[in-house]
Amino acid sequence: MKAKVHVTLKAGVLDPQGKAVEHALGALGFDGINGVRQGKYIEIDLKDADAGQARDRVEAMCKQLLANTVIENYAIEIAD
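The working numbering numbers the first residue of the sequence shown as 392 and each following residue consecutively.
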C-alpha cells in the first residue's frame, strides 16, 4: 500500500520560495503568472493491508513530523 502526502502552506502564509520561482519564471519570459505556491510531495510505502489503518497512521505521521500544522495543510491519498 502506498500513501501520497501533499503538504502546502496555508493561505496567508508568506511563501518566499514560491515568490522566487514566480520571479524566475517571469525572467525566463513566462508571462501571465499571477502567483506560485511551493509545497512538498511525500510517498510512503506501507505494510498495512487496511486502508483505514494506513490513513490513520499517515495522519499521525503528518501531525507529528511531516507537516507543521500551524502554517501548513496536508492531503493524504492512499493507493494499493
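In this text, a Cβ means the ideal position worked out from N, Cα and C, and glycines have one as well.
- Residue ranges of uninterrupted alpha helix (DSSP H) with 4 or more members, entirely inside the stretch 417–471 and ordered along the chain, are 442–452.
- DSSP lists Tyr-432, Ala-466 as the bridge partner or partners of His-397.
- Val-404 sits in coil when the DSSP states are folded into three classes, being neither helix nor strand.
- Taking a contact to require three or more Cβ pairs closer than 8 angstroms, the stretch 444–458 and the stretch 410–418 do not qualify as touching.
- A straight line joining the alpha-carbon of Asp-422 with that of Val-461 spans about 33 angstroms.
- Sequence-distant partners of Arg-446 (beyond 5 residues in either direction) whose C-beta falls short of 7 angstroms from its own C-beta, in its chain, are Ile-467, Ile-469.
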